[in-house]
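> Oh and the sequence shown: position 64 is 50 in this note's numbering, straight run, nothing missing. The following block contains the structure, expressed as structure tokens.
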Amino acid sequence: MAKWLLKSEPDVFGYDDLVAAKREGWDGVRNYQARNFMREMKRGDRAIFYHSNAKPPGVAGIAKIVKGAEPDPTQFDPDSNYYDPDSDRDDPRWDWVTVAPDRPLPFVSLDELKAIPELTECRLLARGNRLSVIPLTDDEFDAIVAAAEAKRGNG
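So this is what it looks like as structure tokens:
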């Protein structure tokens, strides 16, 4: 199973919102590289749920992919913020995956993530990275979870 990191702004859709929804289409991705990563996602993959544009940004929980990529319906909805008038129903431009909560984690801030040796090559920490969907290695995923679990043990 592959590992991922999904970014969302907590005031738009945070981990608690995912818990309340039980499952949700990961809509609104309008970057081709992030979309292509989502097309690689399979049922059973796991993802770190990351709160971006927060003070501070950081890890909030683990999500699981419960359904692989399919067309994001918001691209066809003129009332949606994610409407794309150039997307064709016969050849949709944008996809989403369906995610569900796996488990919350004690919050790990971006600054704390930067101090984890296993994350030195992680795309999340790369200068200029703005992708909302990022692949993680097993070691990166495990290091993030271990950092969070260590806080649970100390908290």
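Virtual Cβ for every residue (Gly too), placed ideally from N, Cα, C.
Kindly give me the distance between the Cβ atoms of residue 159 and residue 81, rounded to whole angstroms, as I take these residues to be in contact under 8 Å.
Given a span of -13 to 141 for the chain in the structure shown, any question on residue 159 remains unanswerable.
> Quick one: residues in its chain with C-beta nearer than 8 Å to the C-beta of residue 23, no 5 flanking neighbours on either side, listed in chain order?
Closer than 8 Å at the Cβ level, and outside the excluded window around residue 23, lie -10, 117, 119, 120, 121.
> Please state whether DSSP places residue -9 in a helix, a strand or coil.
In the structure shown, residue -9 sits in a strand (DSSP, three-state: E or B).
> Distance check for residue 129 and residue 139, CA to CA, integer angstroms please.
Each residue's Cα considered, the two are about 15 Å apart.
> If residue 96 sits next to residue 59, beta carbons under 8 Å apart, how far is it from one beta carbon to the other, in whole angstroms?
At roughly 32 Å, the Cβ-Cβ gap does not stay under 8 Å, so residue 96 and residue 59 are not in contact.
> Take residue 15 as the anchor and find which of 25, 8, 9, 6 has the nearest alpha-carbon.
Taking only the C-alpha atoms, the option nearest residue 15 is 25.
> Tell me the rounded alpha-carbon separation between residue 84 and residue -13.
Roughly 16 Å separates the two Cα atoms.
> With DSSP collapsed to three states, give me the class of residue 84.
Three-state result, residue 84: strand.
> Is residue -4 helix, strand or coil when you go by DSSP?
Looking at residue -4 - three-state DSSP - the assignment turns out to be helix.
> For the alpha helix (DSSP H) that residue 104 lies in, which residues bound it at each end?
It is not in any alpha helix (DSSP H) - residue 104 carries neither H nor E in the DSSP assignment.
> Measuring only the C-alpha atoms, how far is residue 62 from residue 20?
Each residue's Cα considered, the two are about 19 Å apart.
> Checking the sheet assignment: what are the DSSP bridge partners for residue 32?
Paired residue(s): -11, 50.
> Whole angstroms is fine: what's the gap from residue 134's alpha carbon to residue 94's?
Whole-angstrom Cα-Cα distance: 6 Å.
> Assuming contact is defined by CB atoms lying nearer than 8 Å, are residue 91 and residue 52 in contact in what I supplied?
Going by C-beta atoms, residue 91 is not nearer than 8 Å to residue 52.
> Taking residue 68 as the reference, which of 102, 13, 98 has the closest Cα?
Of the candidates 102, 13, 98, the one whose C-alpha sits nearest the C-alpha of residue 68 is 13.
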